[in-house]
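Written out below as structure tokens is the structure these notes cover.
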Amino acid sequence: MQLALESNMFFMGVEYLAVFCCGLVGGLAAVHKEYDLFAILVTAWLTALGGGVLRDVLLEVPPVGITDRWSVIAALVSGIAIAVLHLEVDKLKWSMLTLDALALGLFAVIGTSKAMYLGSSGMTSVFLGMATALGGGLVRDMLLNDVPMIIRDKHWYAVPSAVGCILDVFVCKGRMAGLLNVEQEIALDLVIIALIVGMRLSSVIFNITFPGAMERHNV
Amino acid sequence: MQLALESNMFFMGVEYLAVFCCGLVGGLAAVHKEYDLFAILVTAWLTALGGGVLRDVLLEVPPVGITDRWSVIAALVSGIAIAVLHLEVDKLKWSMLTLDALALGLFAVIGTSKAMYLGSSGMTSVFLGMATALGGGLVRDMLLNDVPMIIRDKHWYAVPSAVGCILDVFVCKGRMAGLLNVEQEIALDLVIIALIVGMRLSSVIFNITFPGAMERHNV
Amino acid sequence: MQLALESNMFFMGVEYLAVFCCGLVGGLAAVHKEYDLFAILVTAWLTALGGGVLRDVLLEVPPVGITDRWSVIAALVSGIAIAVLHLEVDKLKWSMLTLDALALGLFAVIGTSKAMYLGSSGMTSVFLGMATALGGGLVRDMLLNDVPMIIRDKHWYAVPSAVGCILDVFVCKGRMAGLLNVEQEIALDLVIIALIVGMRLSSVIFNITFPGAMERHNV
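For the record, the sequence lines run as chains S, L and B.
All residue numbers for the first sequence refer to this note's numbering, where the first residue is 1 and numbers rise by one.
All residue numbers for the second sequence refer to this note's numbering, where the first residue is 220 and numbers rise by one.
All residue numbers for the third sequence refer to this note's numbering, where the first residue is 439 and numbers rise by one.
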């Protein structure tokens, strides 16, 4: 079954835009560290498509990040763009944060749905959706020898993607059981993406953080 | 052929206990660095099941760490447990060291046997057994931006697992050649695990270390 | 179709020599950090064969780095050799640089050709060729908690491998279309390897570097 979110040109366009934005955010990390253009391209590509490669390796299907021409082009163009436009992108803090949250939501839904339609169980699909959404940034930070942003950033980043992946499993199950048609699936997918974006942005705006280990003191 | 060590409820229970203990040890690293609950869950899961995921990706079979319900539950519960009980676990240094050594032995034997029964050669199975035993801690340390414990720790950690994996290849070959029955295989597996635990603990207790590069001086 | 470069004993010998040299260079990093013999073996193996493992996982074929007996032996022997001969190898700076450049070229061509003959597209094969050439050093540096050499080193390292992989795609296409016979393919492969070695060494000798992000100043 085709992914609902890849069934028309509009959504494909949104997906490539998400890849492009992820690439910008990723490449910026390499620009700030003053690495060369090759390193910028690698980090842009890895941030944008590394999560999908991780998912596809675990699913044992050919990785989109090295086989889909337009995804690769979107990622590499984003690397070149950030090498030129880094000053402008640096100033667009809130736009980038929103676009990054959008990519987080989109990748979570696409990753989960892809796994479900390839026959994975709900639990496995949640793992694979989260791998798609979080994997790219995670591998980039391991490469650049930083503690990954999803671990350092106390604001919600992984949590919205987890919630979204879990909800998407139910949407996919409904669709596979024939309870939803493709339009309804797309509508619900968009609601989930909006929820992820909303949770992520609320967390940053209102400084909502996730608790750590229970604080206790030696007695 | 079914893995001898997964053929009865008792051994399955021991395996989940090993997953749980690995998760406790792994999550503790994230607690000490004061990361949030999500990071604690990720490191617990990665330490407990990351080695098996590595092995299964190399074997091209669906990764246990994202498909086996009880393994995932054991790993996530260990993450929650360590977020609450970190002070207690910190005090149980020797118990944890023993349980960690037990998990090392168990994962080495299970990983090697799984690879052998899926048709890998002896050499490949040793690699995959060691990947199962050592991979989780290794990936966790790469994620948390530490030099992996198996590289920093001068005490024997990798060496006992290597010895155990090599011995287990002979046990599996004996079983596949019909020279051993399932009870004998289990008995020998337990001897190997005991040997790994013994080597690991002796190394820590008696401070036995593995040599480095030959020390030589410029003349 | 058999890889042209693996079709006769001479080239197989060169390939194992490349594995051995990569292992020496990789193990040396662990010797300098004063890790133990096991860590030296792991880094030698990972540097020499990790790139191929990455390629084979992405191609979904059994990884050469854990299945090919002679490759594994060459990698492990290189680890033992460097543990003994590190002082000598340290002095052979230029020889090692040349041999490392040779390995870079050889791995790029072998990786690209393997992917092409297994049916990957040209773009995918370039990615896989570069993964073969660069992946080992990259994973080693992530393991040893360094920023990867290919990102730190301002001299050309990735660029020659990219150029070589792209050229090799055309050679493979020519061979598959019947325009080239095996001797011509080998000859062109050797030209590509010479070009990669030449670019790499020129970059170090004449201090040619790759530009970073466009330098611009806030106005």
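Built from N, CA and C at the ideal position, the CB exists for glycine as well.
- Against chain S, a Cβ distance below 7 Å from Val-291 (chain L) picks out Met-123.
- In this structure, L:Cys-384 is the residue among L:Cys-384, L:Arg-359 and L:Leu-325 with its C-alpha nearest to the C-alpha of Ser-344 (chain L).
- Secondary structure of Asp-408 (chain L) (DSSP, three-state): helix.
- Taking 4 residues as the shortest admissible run, the stretch 236-278 of chain L contains the following complete alpha helix (DSSP H) segments, listed from N- to C-terminal end: 256-278.
- The beta-carbon of Val-283 (chain L) is placed no less than 7 Å from the nearest beta-carbon of chain B.
- Looking only at B:Val-480, B:Ala-632, B:Gly-636 and B:Leu-466, the smallest Cα-Cα distance to Met-349 (chain L) is reached by B:Val-480.
- Here DSSP, grouped into helix, strand and coil, assigns Gly-338 (chain L) to coil.
- Identification of chain S residues near Thr-286 (chain L) by a Cβ-Cβ cut-off of 9 Å yields Ser-120, Ser-121, Met-123, Thr-124 and Phe-127, ordered along the chain.
- Under the three-state reduction of DSSP output, Gly-616 (chain B) falls in the coil class, being neither helix nor strand.
- Using a Cβ-Cβ cut-off of 8 Å, Ile-208 (chain S) is close to nothing in chain L; its nearest Cβ partner there is about 12 Å away.
- Taking Lys-373 (chain L) as reference, the option from L:Leu-386, L:Asp-408, L:Glu-404 and L:Ala-432 with the minimal CA-CA separation is L:Ala-432.
- The Cβ neighbour count for Gly-324 (chain L), taken over all protein chains shown within 10 Å, is at least 16; the residue is labelled buried.
- In chain order, Asp-36 make up the part of chain S whose C-beta sits under 8 Å from the C-beta of Lys-592 (chain B).
- A contact is defined here as three or more CB-CB pairs under 8 Å, and the stretch 512-531 of chain B fails this definition with respect to the stretch 597-611 of chain B.
- Residues of chain B with a Cβ closer than 7 Å to the Cβ of Ala-432 (chain L) are, in chain order, Val-469, Ile-478, Ala-521 and His-524.
- Listed by position along chain S, the residues whose Cβ is nearer than 9 Å to that of Ile-604 (chain B) form an empty set, because the closest Cβ is around 13 Å away.
- Cα atoms of Gly-560 (chain B) and Val-629 (chain B): separation of roughly 19 Å, rounded to the nearest angstrom.
- Under a criterion of Cβ atoms nearer than 7 Å, the residues of chain S adjacent to Leu-363 (chain L) are, in order, Val-147.
- Taking 8 Å as the upper bound for CB-CB distance, Leu-321 (chain L) and Val-238 (chain L) are not in contact here, some 11 Å apart.
- Our two residues, Glu-623 (chain B) and Ile-285 (chain L), have alpha carbons roughly 44 Å apart in a direct line.
- Secondary structure note for Val-89 (chain S): its alpha helix (DSSP H) is the uninterrupted segment 69-91.
- The shortest CA-to-CA distance from Ile-369 (chain L) to any of L:Cys-240, L:Leu-353, L:Gly-269 and L:Leu-268 is the one to L:Leu-353.
- Inclusion of Ile-478 (chain B) and Ala-467 (chain B) in the CB contact set at 7 Å is not warranted, their separation being larger than that value.
- Among the bridge pairs identified by DSSP, Thr-428 (chain L) is matched with L:His-374.
- Nearest C-alpha to Thr-428 (chain L) among L:Leu-414, L:Ile-412 and L:Tyr-376: L:Tyr-376.
- Rounded to the nearest angstrom, the gap between the Cα atoms of Asp-189 (chain S) and Met-614 (chain B) is 44 Å.
- In the three-state reduction of the DSSP assignment, Met-214 (chain S) falls in the coil class.
- Interface criterion met: the Cβ of Leu-277 (chain L) is under 7 Å from a Cβ in chain B.
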